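Colleague: Positions 526 to 619 (our numbering) are the ones given, in order, by the sequence shown.
To start, I am sharing the structure in question, which I have written as structure tokens.
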Amino acid sequence: MTRSELIEVLAQKSEISREKATLVVNCILDNMVRALCRGERIEIRNFGNFVVREYDSYVGRNPKSGVKVMVPKKRVPFFKAGLELKRMVNGEDA
């Protein structure tokens, strides 16, 4: 599902204009991004958790040339699906 498809479903289900649905979806996603940038954890019950994982820098190798390169430390968003979501995806009763 794309962002525009999500907006369309929200507009239809809640009987609001597409513009208002766009505002709602963008507001939610923008706030989620801001929370992750601050290093906060996002928990949506029965759906899953979003966290930021931090990795230290390390010396890696260029796979093409074999030359050693320094890989900088980084922060990566990570999603862990909740138990109920996993069950629903597998067609089990939640």
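From the three backbone atoms N, C-alpha and C, an ideal C-beta is built for every residue, glycine too.
Note that the structure is a prediction, hence the values are computed from the model and not measured.
#1: Using the Cβ count rule (16 or more neighbours within 10 Å means buried), how would you classify I532?
#2: Do you know offhand how far R600's Cα is from R563's?
#3: In angstroms with no decimal places, state the Cα-to-Cα distance between A546 and V596.
#4: Please report the straight-line C-alpha distance between V592 and A606, rounded to a whole angstrom.
#5: How long is the line joining the alpha carbons of S529 and P588, rounded to whole angstroms?
Modeller: According to the structure data:
#1: buried
#2: 11 Å
#3: 41 Å
#4: 37 Å
#5: 38 Å
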